[in-house]
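Remarks on the structure that follows.
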Amino acid sequence: MAAKKSNGKTNLIGLRKREYRGGVTTLCAGCGHNSISNQIIAACYELNIVPEEIVKFSGIGCSSKSPAYFLNRSFGFNTLHGRMPSVATGASFGDTSLRAIAVSGDGDTSNIGLGQFKHVMRRNLKLVYIVENNGVYGLTKGQFSATAERGLKLKYQGENTYMPIDIIMEALSSDATFIARSFAGDAKQVKELLKAALTHEGLAILDIVSPCVTFNNRPESKHSYDWGKEHEQQLHDFSFVPKEEEIMIDGEFPEGSTRTITMHDGSTLVLKKLESDYDPGDRWNAMRVVEKSNQEGVLLTGLIHLNTRRASLAKMHNLPEDRPLNRMTERELRPAKKTLDALNAKMF
Amino acid sequence: MTIVKTKTQKTPVGVKRVVNDFSFTIATMNGSGSQTSNLLLLRALFKMGIPVSGKNLFPSNIQGLPTWYTIRVSKDGYIARRDETEIVVALNKDTFVEDLEKVVPGGAFYYADHLKFNIQRDDITMYPMPVLKLVKESGAPTALRDYVANMVYVGSLAGMMGIDMDKIKLALEFHFGGRQKPIDLNFGLIQAAAEWAVDNLEKQDPFYVEPMDATDGLILADGNTSAALGSIYGGVQFLSWYPITPASSLPEALIHNISDLRDDPETGEKNYAIIQAEDELAAIGMAVGAGWSGLRAITSTSGPGISLMTEFIGLAYFAEVPVVIWDVIRVGPSTGLPTRTSQGDLTMVNFLGHGDTQQIILLPGTANECFEFGWRAFDIAERHQTPVFVLSDLDLGMNQWMSEPFEYPDEPMDRGKIHWEGDMEKLQEKWGRYKDVDGDGIPYRTVIGNRHAASSWFARGTGHDEFAVYSEDSQVWEENMARLIRKYETARKSMPEPISENMRGAVIGILAFGSTAAAIDEARDYLKEAGIKTNSMRVRAIPFTAEVKQFLKKYDVVYVVELNRDGQMHQLLTLEYPEFAGKMVSLPKHDGMPLSASWVKEAVMAEEQK
Numbered sequence: 001m002a003a004k005k006s007n008g009k010t011n012l013i014g015l016r017k018r019e020y021r022g023g024v025t026t027l028c029a030g031c032g033h034n035s036i037s038n039q040i041i042a043a044c045y046e047l048n049i050v051p052e053e054i055v056k057f058s059g060i061g062c063s064s065k066s067p068a069y070f071l072n073r074s075f076g077f078n079t080l081h082g083r084m085p086s087v088a089t090g091a092s093f094g095d096t097s098l099r100a101i102a103v104s105g106d107g108d109t110s111n112i113g114l115g116q117f118k119h120v121m122r123r124n125l126k127l128v129y130i131v132e133n134n135g136v137y138g139l140t141k142g143q144f145s146a147t148a149e150r151g152l153k154l155k156y157q158g159e160n161t162y163m164p165i166d167i168i169m170e171a172l173s174s175d176a177t178f179i180a181r182s183f184a185g186d187a188k189q190v191k192e193l194l195k196a197a198l199t200h201e202g203l204a205i206l207d208i209v210s211p212c213v214t215f216n217n218r219p220e221s222k223h224s225y226d227w228g229k230e231h232e233q234q235l236h237d238f239s240f241v242p243k244e245e246e247i248m249i250d251g252e253f254p255e256g257s258t259r260t261i262t263m264h265d266g267s268t269l270v271l272k273k274l275e276s277d278y279d280p281g282d283r284w285n286a287m288r289v290v291e292k293s294n295q296e297g298v299l300l301t302g303l304i305h306l307n308t309r310r311a312s313l314a315k316m317h318n319l320p321e322d323r324p325l326n327r328m329t330e331r332e333l334r335p336a337k338k339t340l341d342a343l344n345a346k347m348f
Numbered sequence: 001m002t003i004v005k006t007k008t009q010k011t012p013v014g015v016k017r018v019v020n021d022f023s024f025t026i027a028t029m030n031g032s033g034s035q036t037s038n039l040l041l042l043r044a045l046f047k048m049g050i051p052v053s054g055k056n057l058f059p060s061n062i063q064g065l066p067t068w069y070t071i072r073v074s075k076d077g078y079i080a081r082r083d084e085t086e087i088v089v090a091l092n093k094d095t096f097v098e099d100l101e102k103v104v105p106g107g108a109f110y111y112a113d114h115l116k117f118n119i120q121r122d123d124i125t126m127y128p129m130p131v132l133k134l135v136k137e138s139g140a141p142t143a144l145r146d147y148v149a150n151m152v153y154v155g156s157l158a159g160m161m162g163i164d165m166d167k168i169k170l171a172l173e174f175h176f177g178g179r180q181k182p183i184d185l186n187f188g189l190i191q192a193a194a195e196w197a198v199d200n201l202e203k204q205d206p207f208y209v210e211p212m213d214a215t216d217g218l219i220l221a222d223g224n225t226s227a228a229l230g231s232i233y234g235g236v237q238f239l240s241w242y243p244i245t246p247a248s249s250l251p252e253a254l255i256h257n258i259s260d261l262r263d264d265p266e267t268g269e270k271n272y273a274i275i276q277a278e279d280e281l282a283a284i285g286m287a288v289g290a291g292w293s294g295l296r297a298i299t300s301t302s303g304p305g306i307s308l309m310t311e312f313i314g315l316a317y318f319a320e321v322p323v324v325i326w327d328v329i330r331v332g333p334s335t336g337l338p339t340r341t342s343q344g345d346l347t348m349v350n351f352l353g354h355g356d357t358q359q360i361i362l363l364p365g366t367a368n369e370c371f372e373f374g375w376r377a378f379d380i381a382e383r384h385q386t387p388v389f390v391l392s393d394l395d396l397g398m399n400q401w402m403s404e405p406f407e408y409p410d411e412p413m414d415r416g417k418i419h420w421e422g423d424m425e426k427l428q429e430k431w432g433r434y435k436d437v438d439g440d441g442i443p444y445r446t447v448i449g450n451r452h453a454a455s456s457w458f459a460r461g462t463g464h465d466e467f468a469v470y471s472e473d474s475q476v477w478e479e480n481m482a483r484l485i486r487k488y489e490t491a492r493k494s495m496p497e498p499i500s501e502n503m504r505g506a507v508i509g510i511l512a513f514g515s516t517a518a519a520i521d522e523a524r525d526y527l528k529e530a531g532i533k534t535n536s537m538r539v540r541a542i543p544f545t546a547e548v549k550q551f552l553k554k555y556d557v558v559y560v561v562e563l564n565r566d567g568q569m570h571q572l573l574t575l576e577y578p579e580f581a582g583k584m585v586s587l588p589k590h591d592g593m594p595l596s597a598s599w600v601k602e603a604v605m606a607e608e609q610k
């Protein structure tokens, strides 16, 4: 598709925003997941991504229904509970030139899917892995998930007496290469982080607190809108500058107050210092900062860790760059007849 | 090649020679390196042109527990396991007494002379071997002594039975890939042992081998390696797997062989990817993902792994994703007998998944067929857009089998009904992922990377209509499920046909599948000698083809022989053909051992005499 100049109604590749939309959502009105779906649509539109060059994946749960509600022109696979990472891993080899967005939930990732979550980080699959985190099972009507805080009280379940699993700490301990936390109520940050994640050549974990308005939205719950709004603390003012645009750093910020990070495709992440200068390259410090925020009851958001040096899964497999595996034919895939005689001679 | 001359024992006076028709068993400890020696013997006999088979009876253990390897030579070409053994080589003190008891009267017992047991049998010949002395004299480095010690029995047996030293050398060269140092060390010891035996032991048993020409043009291969090679010729593009006995050697053989056959010789680029997954849940998940993305995907496992894969198989069946699953069966339920053979996963796999599911199953019975189904399974999976299972077993998968050589695929790859951009352009009406355009139940699919704006679809395990859109509509559900059965019936028409062996005037049928074929062929000869003529059918696929029904119809009684407790093939046949249920007789055996002809003969005779 030839690049066109945007006329305000279309993006640079001539698509209207509606061409990035999906089916009508069947999630509850006010669900945080719908807001995230909207930011996925906006990020892909603004990045001028051809929808056919995205593949969507999900597991099972409310969150995992949402890929049906964005990017209708993209292929998608709604897989099994907790096992989206394995399907995405296998499918990624079909055509490694494509980008992939996966949506999971806190139950899907931290309960049934904790094993696959850890292993997909080991492999550094090129995938935007979104955890729509609300601390509760929605489709089965309000049971605790493993990210629910200790002491949380739910209508039919009583009090949660177990310690929560922290998605970000799990990702940090697994040395995932892109780790961010956000809040569905902070649409701008969600969108900017999504754009950055989409340009990352590896696994990008986005743990997004996405309130469940039906089962877990009381103000004292750590996954509610009220709590998020009151306790969100941004690590930095984060913005994504695509490679086509010049980086404009606001003159009023003193020197040294801005970090810039160049991504593989030439785009830039601009991190403006807020309370302190935070270096997302320092994993050890990230663990300390996240642990401290957890203890202080703060919802710390932003790009928590980034490592652009490690090779993605596809790169580790020495595949041809010029043509996808799924377009290869018998000519390339079936060894010549003469090779079989040599093989038979070896069989004794 | 230099001709290696070694003396062999002369036939004792008054003894009638038994040539190329006996079994010998080597009793060692697991992890002692005896597998190298055992395979040397097997290969040397094969290269002498003598029909031969080898069965490894091993424990679930890395080192220390007893293990037995039985080699059968058969001038008549029988390669099934026998219950009797004429010769035993005893190197394991823990099993010395029971090993001595195993030898049939008139047989021979070789033993390492440092195993001190004050037991004798006067109905067999006892041959002590000075293992430690010969090893010491060989000059082998101390660290290698335990391993090369096994060469003493190779040499002793060779000298006493008449195994051709040239062929042993050939087998050594093959085993060590031409590396001269280990070849020389081992061969020196084998020669020394052979000479010692000829000079010092007095041959009294009648068992000899002599060259034949009955293995010309044949190969010796295990089923797992054959399956791996067949998959490579089938264009495998993605393998995900998790280690489990007895399936692990399938992916390992694939990894070992694929680079030479498939990597770009100039760039080293690969047109496939292999991942050892974290468990079977992930192994099948990856394979399903790869199959959905348009790759020829495979995974291999055994019963416990199949259990873990079940939910994904249901998804792949319903979302219609091609994927190939090899189940190399071991004895279950549970961890069961993990190093023993079985055909016990048949009904589980046939109905694998929750709700209404019926799976396509291929049933190879020879190494050559493992190769063929290795490539053919991908064609069937992609043609029918569904999981295809290949059921092998420990005996077929891990033991060496004499077989016809691998044949190059006689058909071009069948990638099935797949639309790319150009195909989408030409369509007259709206494409639907699950639309039965041709009336055969098989829709057209598209895969990721297709840039046509109408090519995408959302795969799901939930109810969906012809356009892959979520639906809870009852009629839509029923129609879709009916189409899946239509697809299964389409598959029935192109399944590999069964193989029949006939005798004139037979009124009895024997039906079986898989690795039991050798025992059944042999048993039929014995039954014929006993006056019972039989025809046999080896089923090679489910859904059953029309020939299976014809076979059941034709005979007064059909014995269904298989390696499991419940007679699972008998169960499936009874379900499918209730009209013939009355004449089918189930003959199941589930002792974990490869089937023997004598058991089949006795079981049929017992029924016939009722």
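Chains as they are written, first to last, in the working numbering: chain W, 1 to 348; chain R, 1 to 610. For glycine and all other residues, C-beta sits at the position ideal for the given N, C-alpha and C.
For residue 191 of chain R, there is no enclosing beta strand (DSSP E); the enclosing alpha helix (DSSP H) covers residues 180–200. Taking 7 Å as the cut-off, the Cβ atoms of residue 93 of chain W and residue 273 of chain R count as close.
Taking the Cα of residue 67 of chain R as reference, the smallest distance to any Cα among R/35, R/30, R/73, R/93 is reached at R/30.
Here residue 490 of chain R has 384, 440, 441, 442 as same chain residues with Cβ atoms under 8 Å from its own Cβ, once five neighbours each way along the sequence are excluded. Judged by DSSP in its simplified three-state form, residue 264 of chain W adopts coil rather than helix or strand. Note: residue 245 of chain R is not bridge-paired with any residue in the DSSP secondary-structure output. The beta carbon of residue 293 of chain W lies closer than 8 Å to those of 233, 299, 300 in the same chain, with the five residues before and after it left out.
Within chain R, the residues 229, 233, 405, 406, 407, 408 have their CB atoms less than 9 Å from the CB of residue 340 of chain W, given in chain order. Its Cα nearest to that of residue 247 of chain R, the residue R/339 stands out among R/454, R/115, R/134, R/339. Relative to the Cα of residue 576 of chain R, the nearest Cα in the group R/151, R/543, R/604 belongs to R/543. If you keep only unbroken beta strand (DSSP E) runs of at least 3 residues inside the stretch 201–240 of chain W, you get 203–209, 232–234. Using a Cβ-Cβ distance cut-off of 8 Å, the stretch 340–355 of chain R and the stretch 458–478 of chain R are not in contact, since fewer than three pairs of beta carbons, one from each stretch, lie closer than that value. Assigned with DSSP and collapsed to three states, residue 143 of chain W falls in strand. Secondary structure at residue 45 of chain W: helix, using DSSP grouped into helix, strand and coil. By the Cβ test, the stretch 326–333 of chain W is not in contact with the stretch 147–163 of chain W, since fewer than three Cβ pairs between them sit closer than 8 Å. In this structure, the alpha-carbon of residue 199 of chain R lies about 14 Å from that of residue 134 of chain R. By the rule that beta-carbons nearer than 7 Å mark a contact, residue 271 of chain R touches chain W.
Within chain R, the residues whose beta carbon sits less than 7 Å from that of residue 337 of chain W are 408, listed in sequence order. With respect to residue 285 of chain R, residue 86 of chain W sits close: the two C-beta atoms are nearer than 7 Å. Using a Cβ distance threshold of 7 Å, residue 373 of chain R and residue 390 of chain R count as a contacting pair. Using a Cβ-Cβ cut-off of 7 Å, residue 253 of chain R does not count as an interface residue toward chain W, since no Cβ of chain W sits closer than that to its own. The alpha carbon of residue 375 of chain R has as its nearest neighbour, out of R/225, R/484, R/39, R/195, the alpha carbon of R/225. One finds nothing in chain W with a Cβ atom closer than 7 Å to the Cβ of residue 176 of chain R; even the nearest lies about 14 Å away. Legend: CB atoms of the stretch 448–471 of chain R lying less than 9 Å from CB atoms of chain W belong to residues 448, 449, 450, 451, 452, 453, 454, 455, 456, 457, 458, 459, 460, 461, 462, 469, 470. Listed as beta-bridge partners of residue 450 of chain R by DSSP are no residues whatsoever. Ranked by Cα distance from residue 191 of chain W, the first of W/226, W/216, W/53, W/239 is W/239. Beta bridge pairing from DSSP links residue 133 of chain W with W/209. Judged by DSSP secondary structure, residue 55 of chain R falls within the beta strand (DSSP E) whose first and last residues are 52–57. The C-beta distance from residue 303 of chain R to residue 330 of chain R rounds to 6 Å, short enough to meet the 8 Å contact threshold. Under the three-state reduction of DSSP, residue 276 of chain R is assigned to strand.
Nearest C-alpha to residue 116 of chain R among R/130, R/107, R/108, R/106: R/130. Listed along chain R, no residue sits closer than 7 Å to residue 311 of chain W by beta-carbon distance, the nearest being about 14 Å off. Taking C-beta atoms under 8 Å as the contact rule, residue 102 of chain W and residue 70 of chain W fail to qualify, at a distance of about 12 Å. Minimum Cα-Cα distance from residue 92 of chain R among the listed residues R/309, R/293, R/461, R/110 corresponds to R/110.
Distance between residue 402 of chain R and residue 341 of chain W, taken at the CA atoms: about 17 Å. Considering only W/187, W/316, W/283, the residue with the shortest C-alpha distance to residue 229 of chain W is W/187.
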